[in-house]
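Working notes, structure below.
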Amino acid sequence: MSATATADAGHHEEHHGIGGHLLPSDPAVGLATSGKIGMWIFLLSDAFSFGGLLLAYGILRGGSSIWHHEGEPSLGINFTAGLTFLLICSSVTMVMAVANAAEGNRSKVTMWLLLTALGGALFLTGQFQEYFGIWSEGLTHEGLTFGRSAYASTFYLITSFHGAHVFSGTLYILITAARSAGGKADANEIEILGLFWHFVDLIWILVFTFVYLL
Amino acid sequence: MSTDAPTSAPTAAATEHAAHSRRPYLVIFGLLFAFTILEVLVALPSMGVGRGFKVSALIILALTKAAMVALWFMHLKSEFKVLRWSVLLPFAFPALYAIVLIAEAGWRLL
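Chains as they are written, first to last, in numbering that gives the first Met the number 0: chain V, 0 to 213; chain U, 0 to 109.
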């Protein structure tokens, strides 16, 4: 998707936006570039993957008389609320990167992107701590074992699928930050990256509620 | 891939957002933060909130937060109408199915 976004900038005058030369101009989508529309299509399909997982979770939980078996630890709400706050902060640093990209402040774009990537890396560290333990015991040591109960399995499946998104998103940010620093990434590319990262935040908001709080 | 496409090149997408101030983003950030604290307070067992109220409050808060991220951070609010509805509408029917399926699973327990 980002490759589409960086398509030859020389063509953007006679077509709709950078990358727009891959699609015929269409008044219905106006200035939305093909790269941006492509990212939205991907995000929608990804949203339904998460939707499927959350639906399976809802049905399993709604249909079981005992969800939380004896000996299984509860999920740490306060710690995860901190992780949620971290992702929200990284969404703000991302909108700052997008806004600066739109205004052409390349050095600031790189700085905000690196801060966003740092947020992603800290989130992953927090998730590692939660699973396996770094400074205190992790859930795997406290008796939450994948495959032992629907509670454990759905927890690991949903949060790790989200974690995989944070991981790939952080890599995507770092690559784009390097491209931006080198003058290769334009505002459209940063905006498309922003869509992906905000989506990861949006999904976490739902995961936090359904898996941790309810 | 051209080398003459620096970040500073004004593009259609860029000029569209250039006029946007940072203020709405900071307001949304504040609201997301406040709603997260509210969620944790509602969810804490020590608060003694009833199950029905807790579930509905948490779902409403989460959907509001998700909508704020999509509309403001992802710019859906200022996006073209066709794109906005192409993204938002497909969620309506699966959501209805989800409610029916989860309710049905719970119903069989009774």
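Positions of the beta carbon are idealized from the N, C-alpha and C atoms, including for glycine.
At a CB-CB cut-off below 8 Å, which residues of chain V make contact with R107/U?
Simply G62.
Chain U beta carbons: is any one of them nearer than 8 Å to that of D45/V?
False, the Cβ-Cβ gap to chain U never drops below 8 Å.
Kindly indicate which residue of T63/U, L108/U, L70/U, M73/U has the alpha-carbon position closest to the one of A33/U.
Ranking the options by Cα distance to A33/U, first place goes to T63/U.
What residue from L143/V, L192/V, G70/V has the CA that sits closest to S167/V's CA?
Among L143/V, L192/V, G70/V, the Cα nearest to that of S167/V is on L192/V.
Would you say W39/V lies against chain U (beta-carbon separation less than 8 Å)?
Chain U contact via Cβ: present.
DSSP on E141/V, reduced to helix/strand/coil?
Looking at E141/V - three-state DSSP - the assignment turns out to be coil, as it is neither helix nor strand.
Using a Cβ-Cβ cut-off of 6 Å (strictly less than) and excluding sequence neighbours within five positions of A116/V, which residues of its own chain qualify?
Once the five neighbours on either side are set aside, the close Cβ partners of A116/V are T169, I172, L173.
Thinking C-beta only, is G162/V closer than 8 Å to L123/V?
It is a contact, given that the beta carbons lie within the stated cut-off.
Measuring CB to CB, does M67/U end up less than 8 Å from L31/U?
Taking 8 Å as the Cβ cut-off, M67/U and L31/U qualify as a contacting pair.
Just to confirm before moving on: does the CB-CB distance between L52/V and L156/V stay below 8 Å?
Yes, these two residues count as a Cβ contact at 8 Å.
Let's see if you can read the secondary structure: which residues bound the alpha helix (DSSP H) around K80/U?
K80/U -> alpha helix (DSSP H) spans 80 to 87.
Along the chain, where does the alpha helix (DSSP H) that runs through E188/V open and close?
186 to 206 is the extent of the alpha helix (DSSP H) around E188/V.
Please compile the residues from chain U whose C-beta is within a distance smaller than 7 Å of the C-beta of S90/V.
Simply V68, F72.
What is the rounded straight-line gap between the Cα of W71/U and the Cα of S159/V?
In a straight line, the C-alpha of W71/U is about 27 Å away from that of S159/V.
Could you check how far apart the C-beta atoms of G97/V and I189/V are, in whole angstroms? I think they sit under 8 Å.
The residue asked about is misnamed: residue 97/V is Val in this sequence, not Gly. That pair is a contact at about 5 Å.
Residues of chain V with CB under 7 Å from K64/U, in chain order?
The contacting residues are I204.
Please state if the CB of G37/V and the CB of L86/V are separated by a distance shorter than 8 Å.
Cβ atoms of L86/V and G37/V: not closer than 8 Å.
Listing by chain order, which chain U residues have their CB less than 7 Å from the CB of L201/V?
Within 7 Å Cβ-Cβ: A65, V68, A69.
Would you say G142/V and G70/V are within 8 Å of each other, going by their C-beta atoms?
For G142/V and G70/V, yes; Cβs fall inside 8 Å.
Consider the Cβ of F115/U: report whether some Cβ of chain V lies at a distance smaller than 8 Å.
Outside the shown range of chain U, which is 0 to 109, sits residue 115/U, and nothing can be said about it.
On the DSSP letters alone, give me the boundaries of the alpha helix (DSSP H) that D45/V sits inside.
Here the alpha helix (DSSP H) through D45/V covers 33 to 61.
Given this structure, state the Cα-to-Cα distance separating R22/U from M95/V, to the nearest angstrom.
About 11 Å.
Using the Cβ count rule (16 or more neighbours within 10 Å means buried), how would you classify V94/U?
Before going further, note that residue 94/U is Ala rather than Val in the sequence given. By the 10 Å Cβ count, A94/U comes out exposed.
How about V48/U and L213/V: are their beta carbons less than 8 Å apart?
Going by C-beta atoms, V48/U is not nearer than 8 Å to L213/V.
Of all the CB atoms in chain V, is at least one closer than 8 Å to the CB of V48/U?
So, not an interface residue.
Using a threshold of 8 Å, state whether the C-beta atoms of T208/V and I98/U are closer than that.
Taking 8 Å as the Cβ cut-off, T208/V and I98/U do not qualify as a contacting pair.
Need the endpoints of the alpha helix (DSSP H) that L85/V sits in, please.
L85/V -> alpha helix (DSSP H) spans 76 to 102.
Against chain U, which members of the stretch 136 to 162 of chain V pass a CB distance test of less than 8 Å?
Per Cβ criterion, the list is empty.
Suppose you measure from the CA of R105/V to the CA of G34/V; what does that come to, to the nearest Å?
Answer to the nearest angstrom: the Cα atoms are 21 Å apart.
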